[in-house]
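In this note's numbering, the protein residues as written are 201 to 275. One structure is given below, encoded as structure tokens.
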């Protein structure tokens, strides 16, 4: 099983009216006078490039072997 020592996922809040990132504990956007709880979106981001790089490094040998098998079976 692949165990990650780094957290590649982050949670952030964005105002749906002005699209500004908000502090972690903010419930309204201070830039928007009509901001309310319903105007705040919680977004879960991931560092996809790092995740894919780790997976590729871990499984490179298997991928390469499979690739060579496919090439040799080319009819």
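Here a beta-carbon is modelled for each residue, glycine too, at the ideal position from N, C-alpha and C. Quantities reported herein were computed from a predicted structural model and do not represent experimental measurements.
Cβ-Cβ separation, residue j to residue i (assumed contact under 8 angstroms), whole Å
| i | j | result |
| --- | --- | --- |
| residue 240 | residue 211 | So it is not a contact: roughly 12 angstroms between Cβ atoms. |
Separation of residue j from residue i, as counted between CA atoms
| i | j | result |
| --- | --- | --- |
| residue 238 | residue 248 | 28 angstroms |
| residue 255 | residue 206 | 14 angstroms |
| residue 215 | residue 253 | 32 angstroms |
| residue 265 | residue 251 | 22 angstroms |
| residue 245 | residue 233 | 27 angstroms |
| residue 224 | residue 208 | 17 angstroms |
* Whole beta strand (DSSP E) elements within the segment 218-268, 3-residue minimum -> List check, beta strand (DSSP E) in window: 240-246.
* At a cut of 8 angstroms, does the segment 254-269 reach the segment 217-225 through at least three beta carbon pairs? -> Short answer: they don't touch.
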